[in-house]
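**Q** First, the structure itself, so that you have it in front of you.
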Amino acid sequence: MAKNGKSQRGLGLTALLAGLLLPASPLQAQEVALAGIFGSKAMLIINGGEPEAVRIGESLEGVKLLSIQGEQATIEIGGQKKLLRIGHYAVNVPSDGKVVLTADARGHFYATGTVNGGSIRFMVDTGATMISIGASDARRLGLDYSRGQKGMAQTANGHVEVSRIWLDTVSIGGITLHQVEAVIHKSDMPMALLGMSFLNRTDMQRVGSTMTLRQRF
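To get this note's numbering, take the position in the sequence shown, counting from 1, and add 57.
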């Protein structure tokens, strides 16, 4: 069992997530990134943890490495096969109306989700009134800055021009919300912010280095 930490490869992550994977529950959202490939091993990062070397045929925290082809690896996560390229990630999306996030070394929570069906990476920010999306991410997602209500927003870099819009759908893990208010920045942002226009519609519970969001409406 993951709680006993029998696998040395996953010992660090198992200790961190003990009690959250009971055991390797398919209902918990998982995010897997491919950091590199070394021969028959792939360096996998699971839920923002430290990179772990996994051999073909082996599993780590419920993620199995099936094969390696050049700079790509095929994994099995949540009963589905996914092809990963170096620097890219895959998400196992549950359907139970919740998502469990793990903080990074600096205490920040990150979540991979979709906006109107397009993939996007968020940083959870309870100080942000709304979801905030930078210009390049907005263009990639097909969001039109010119169509929203114009205004100004205060950021760490000063005041910036923004456009207030409504997003048709925002999905993270097992949570899907419709008609979520957001602002598009006229300039780029380091990362999109998951603000209170989304978080207010969930129950947030933080225990240690984990945060659980449960959909309310």
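Note that CB positions come from ideal geometry on N, CA and C, so glycine has one too.
Could you tell me which residues DSSP puts in a beta bridge with A249?
**A** DSSP, once it has assigned bridges, lists F179 as partnering A249.
**Q** Can you tell me whether M209 is buried or exposed, with buried defined as 16 or more other CB within 10 angstroms of its CB?
**A** Label assigned to M209: exposed.
**Q** Hey, how far is the Cα of L101 from the Cα of A110?
**A** In a straight line, the C-alpha of L101 is about 6 Å away from that of A110.
**Q** Does the distance from the CB of L250 to the CB of M180 come in under 7 Å?
**A** Yes. Within cutoff.
**Q** Whose C-beta lies closer than 6 Å to the C-beta of P108 among residues of the same chain, with five residues either side of it excluded?
**A** Only A92, M100, I102 meet the Cβ criterion.
**Q** Is T259 buried or exposed, if buried means 16 or more other CB atoms sit within 10 Å of its CB?
**A** Looking at its Cβ environment, which holds 16 or more other Cβ atoms inside 10 Å, T259 is buried.
**Q** Residue range of the beta strand (DSSP E) that R263 falls in?
**A** Here the beta strand (DSSP E) through R263 covers 259-264.
**Q** Could you tell me the alpha carbon to alpha carbon distance between N173 and A192, rounded to whole angstroms?
**A** Answer to the nearest angstrom: the Cα atoms are 16 Å apart.
**Q** Whole angstroms is fine: what's the gap from A195's alpha carbon to G175's?
**A** Their Cα atoms are separated by approximately 10 Å.
**Q** Report yes or no: do the stretch 124-133 and the stretch 229-239 share at least 3 C-beta pairs separated by less than 8 Å?
**A** No: the two stretches stay apart, fewer than three of their Cβ pairs being nearer than 8 Å.
**Q** Quick one: grab the DSSP three-state call for S244.
**A** It is coil, neither helix nor strand.
**Q** Closer than 7 Å, CB to CB, is G215 near chain D or not?
**A** The chain labelled as chain D is not found in the depicted structure, where only one protein chain is given.
**Q** Round the Cβ separation of H242 and V227 to the nearest angstrom and send it over; I've been treating them as touching at under 8 Å.
**A** The pair is not a contact, with the Cβ atoms about 17 Å apart (cut-off 8 Å).
**Q** Along the alpha helix (DSSP H) that carries A195, what are the first and last residues, could you check?
**A** Looking at the DSSP string, the run of the alpha helix (DSSP H) that includes A195 is 192-198.
**Q** Could you work out which residue in N104, T131, G105, G106 is closest to G114 when comparing CA atoms only?
**A** Of the candidates N104, T131, G105, G106, the one whose C-alpha sits nearest the C-alpha of G114 is T131.
**Q** At the level of alpha carbons, what is the spacing between L141 and R273?
**A** Each residue's Cα considered, the two are about 33 Å apart.
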